[in-house]
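Structure first, then comments.
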Amino acid sequence: RKEVEQDPGPFNVPEGATVAFNCTYSNSASQSFFWYRQDCRKEPKLLMSVYSSGNEDGRFTAQLNRASQYISLLIRDSKLSDSATYLCVVNMKGFKTIFGAGTRLFVKA
Amino acid sequence: DVKVTQSSRYLVKRTGEKVFLECVQDMDHENMFWYRQDPGLGLRLIYFSYDVKMKEKGDIPEGYSVSREKKERFSLILESASTNQTSMYLCASNLMRGGGATDTQYFGPGTRLTVL
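So this is what it looks like as structure tokens:
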């Protein structure tokens, strides 16, 4: 079993749709959690941190459920520019960072 | 803004060649990382360094070595390139002093290496 698992997609959604991604992690000692965005042939960039209390940034909402060991990302009112791969990232103590393989999103006009 | 640069965007090498990939960050970050990214596998850590001249193996260090002679520079070396090392190589850095888990990583643009 992978330490961080994501549905690879692709998710194909029309503009304006709401889309949700989930990610599960296996190590209960995981300490911090993030969503990164990676555009085609580009490097990953931090989208947002994820907290148990939830974290909202404009159209994006991230949530952490420690009891069930999953992380979610909700994108409301999808834009064409949201098309990318979204990486779920888990930090352990002591420099260990685990990246999910990513979920691909295509937003269509 | 944090800037992480890598020496080449695209590189083509032959089997058996020695390959150097260089990474430079300008934010005085303590920690630097080398990953490779392959379809369906995500990013896998090759090596990281938490201080000058210090290095630690990641999950897939075989066939690679690293060098960190200066704080801002972290080099990845393929001693004898093989076709299964064809991949996207990404360098990253972060501040994360003392092994704390909260710092995000900043990535360079990547080097797409093809070994023929």
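Each protein sequence line maps, in turn, to chains A and B. So the first sequence is numbered by my numbering: it starts at 1 and just counts up by one. So the second sequence is numbered by my numbering: it starts at 110 and just counts up by one. Glycine residues also receive a C-beta, built at the ideal position from the N, C-alpha and C atoms. All figures in this text were calculated on a predicted structure; none of them were measured in a lab.
Exercise. Between Gly-110 of chain A and chain B, is there a C-beta pair that is closer than 8 Å?
Worked result: No information on residue 110 of chain A is available, as it lies outside the stretch 1 to 109 that chain A covers here.
Problem set entry | Pro-14 of chain A beta carbon less than 8 Å from that of Lys-96 of chain A | For the purposes of this step, residue 96 of chain A is taken as residue 96 along the first sequence, with counting starting at 1. For the purposes of this step, residue 14 of chain A is taken as residue 14 along the first sequence, with counting starting at 1. Against a cut-off of 8 Å, the Cβ pair of Pro-14 of chain A and Lys-96 of chain A comes out as no contact.
Exercise. Does the beta-carbon distance from Phe-183 of chain B to Glu-43 of chain A come in below 8 Å?
Worked result: Start at 1 with the first residue of the second sequence, and residue 183 of chain B comes out as number 74. Start at 1 with the first residue of the first sequence, and residue 43 of chain A comes out as number 43. No, Cβ-Cβ distance for Phe-183 of chain B and Glu-43 of chain A is not below 8 Å.
Exercise. When the Cα atoms are used, what is the spatial distance from Lys-2 of chain A to Lys-164 of chain B?
Worked result: On the first sequence, position 2 is the one that residue 2 of chain A refers to. On the second sequence, position 55 is the one that residue 164 of chain B refers to. Computed Cα separation, rounded: 25 Å.
Exercise. Hey, is Lys-179 of chain B close to the ligand ADP, as in C-beta under 7 Å from one of its heavy atoms?
Worked result: Of ligands this structure carries none, so the ligand ADP is not represented either.
Exercise. For chain B, is any of its Cβ atoms less than 8 Å away from the one on Pro-10 of chain A?
Worked result: The sequence position of residue 10 of chain A within the first sequence is 10, counting from 1. Answer no: the Cβ-Cβ gap between Pro-10 of chain A and chain B never drops below 8 Å.
Problem set entry | Residue burial classification, Val-121 of chain B (beta-carbon count within 10 angstroms, cutoff 16) | Counted from its first residue, the second sequence places residue 121 of chain B at position 12. Classification of Val-121 of chain B: exposed, given that the 10 Å Cβ count is below 16.
Exercise. How many whole angstroms separate the CB atoms of Tyr-25 of chain A and Val-90 of chain A, which I take to be in contact at a CB cut-off of 8 Å?
Worked result: Counting from 1 along the first sequence, the entry for residue 25 of chain A is found at position 25. Counting from 1 along the first sequence, the entry for residue 90 of chain A is found at position 90. Contact holds; Cβ gap of about 5 Å.
Exercise. Is Asn-193 of chain B helix, strand or coil by DSSP?
Worked result: One-based indexing of the second sequence puts residue 193 of chain B at position 84. Three-state DSSP puts Asn-193 of chain B in a helix.
Exercise. Under 8 Å Cβ-Cβ, which residues of chain A neighbour Leu-152 of chain B?
Worked result: Position 43 of the second sequence, counted from the first residue, corresponds to residue 152 of chain B. Result: Pro-44, Leu-87 and Phe-99.
Exercise. For Met-141 of chain B versus Ser-196 of chain B, is the C-beta spacing smaller than 8 Å?
Worked result: Numbered from 1 along the second sequence, position 32 holds the residue referred to as residue 141 of chain B. Numbered from 1 along the second sequence, position 87 holds the residue referred to as residue 196 of chain B. No, they are not a contact pair.
Problem set entry | Residue span of the beta strand (DSSP E) that contains Leu-105 of chain A, given as start and end | Walking along the first sequence from the start, residue 105 of chain A turns up at place 105. 103 to 108 is the extent of the beta strand (DSSP E) around Leu-105 of chain A.
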